[in-house]
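**Student:** The numbering used here puts the first residue of the sequence shown at 43, with every later residue one more than the last.
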Amino acid sequence: MKDIRIGYARCSTDEQDTTAQRDYLLGARVPEASIHLDHGLSGKDRARPALNTALAQISGARQAAPADAVVTLVVPKLDRLGRSIRDLHDIADEVTGVGARMEFGGKVYDPTDAMDKMFFNILATFAEFERDLLVQRTKEGMAVAKAQGKLKGGKPKLGPAQRKHIRELYNAKTHTISDLQAEFKVGRATVYRILNEAT
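(1) What residue from L165, I236, T61 and A231 has the CA that sits closest to Q204's CA?
(2) Can you grab the Cα-Cα spacing for the pair Q99 / K206, in whole Å?
(3) Which first and last residues belong to the alpha helix (DSSP H) in which R128 is found?
(4) Between the alpha carbons of Q178 and K86, how many angstroms are there, rounded?
(5) Would you decide whether V186 is buried or exposed? Buried here means 16 or more other CB atoms lie within 10 Å of its CB.
(6) For A62, count neighbouring C-beta atoms within 10 Å of its own C-beta (all shown protein chains included) and say buried if the count is 16 or more, exposed if not.
(7) Quick check on D221: buried or exposed, where buried means 16 or more other Cβ atoms within 10 Å of its Cβ?
(8) Restricting to Cα atoms, I'd like to know which of A166, H81, E182 and R47 is closest to Q223.
(9) With K44 and P91 assumed to form a contact (beta carbons below 8 Å), what rounded beta-carbon distance in angstroms separates them?
(10) So with Cβ pairs under 9 Å, would you call I46 a contact of chain C?
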């Protein structure tokens, strides 16, 4: 029986390292070429380039593989896949809907099993709760800093002309995401946000 394993990992900031997650996926028998990593992107954002690529690969592999092949999306932890209950359910439905499996933390998720469904829902709830808690603490910290006069509004790092130039360079295929990061001295998440802006 053919075993096709596709991995996904994510870190929220450019400063965080995905080495541990990559090592986990390699240890979980995911080939290096089938590991997809999103850097500097929040789990609340459903549209993530590497996630989209992983899901497309899952769908393509399932269609191309023999009927008895097992196709699995592997993630180190469920919260790496997302921080929204709705998004996590949508992703799980998309994976299982094409006849593939989802594995997180070494456990294969079976949507037809009552215990698995309960476990999935608990983890999804905690993932969203942790994100909401972080957002709340950040807002409270900013409110305190503002009250103490320590928080001052600043201009965006890049002006409209620079943001437009980034989109032009990327669309012309002369610069990669990494090239744009280095040239404009911004994080990967900032580049993705600019590219997603309406032109």
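All C-beta atoms, glycine included, are put in the ideal place defined by N, C-alpha and C.
**Tutor:** Walking through what the data contain:
(1) If we check each option's Cα against that of Q204, I236 comes out closest.
(2) About 31 Å.
(3) Where R128 is concerned, the enclosing alpha helix (DSSP H) stretches over I127 to G139.
(4) K86 has its alpha-carbon roughly 14 Å from the corresponding atom of Q178.
(5) Note on V186: under 16 other CB atoms within 10 angstroms of its CB, so exposed under the neighbour-count rule.
(6) Exposed, because fewer than 16 other Cβ atoms sit within 10 Å of the Cβ of A62.
(7) The residue in question, D221, is exposed, as its Cβ has fewer than 16 Cβ neighbours within 10 Å.
(8) When the alpha-carbon of Q223 is set against those of A166, H81, E182 and R47, the nearest one is in H81.
(9) Rounded, the Cβ-Cβ distance is 27 Å, inconsistent with contact.
(10) In the structure shown, chain C does not exist; there is a single protein chain.
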